[in-house]
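Below: one structure, written as structure tokens.
In our numbering, the protein residues as written are 105 to 175.
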């Protein structure tokens, strides 16, 4: 038997849901234009893992950033 629980299963334990985490990010880093630009580029299909990867890449030095986006 395999039991599959979605992310909301951890909510009763105090771990925030995705909308809650996005609200947290909005409150803590929502003042930064780069965050808002990236977030708005997703429209209604915000994927937090992609957003975090984008922000991590943008925090790298220029040469590392270029390497991370090169094919």
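Where is the CB? At the ideal position from N, CA and C, for every residue including glycine.
Predicted model, so just to flag it, every value in this text is computed and none were measured.
Next on the checklist: Let me confirm a value: residue 164 is counted as buried when at least 16 other C-beta atoms fall within 10 Å, else exposed. Which label applies?
Outcome noted: exposed
Checklist entry - CB-CB under 7 Å to residue 140, same chain, minus the five flanking residues each way: which ones, in chain order? => result 134
Checklist entry - By the 10 Å Cβ neighbour count, where 16 or more other Cβ atoms means buried, how is residue 143 classified, buried or exposed? => result buried
Checklist entry - Excluding sequence positions up to five away, which residues of its chain have a Cβ less than 7 Å from the Cβ of residue 137? => result none
Item to check | For residue 133, three-class secondary structure by DSSP | outcome: helix
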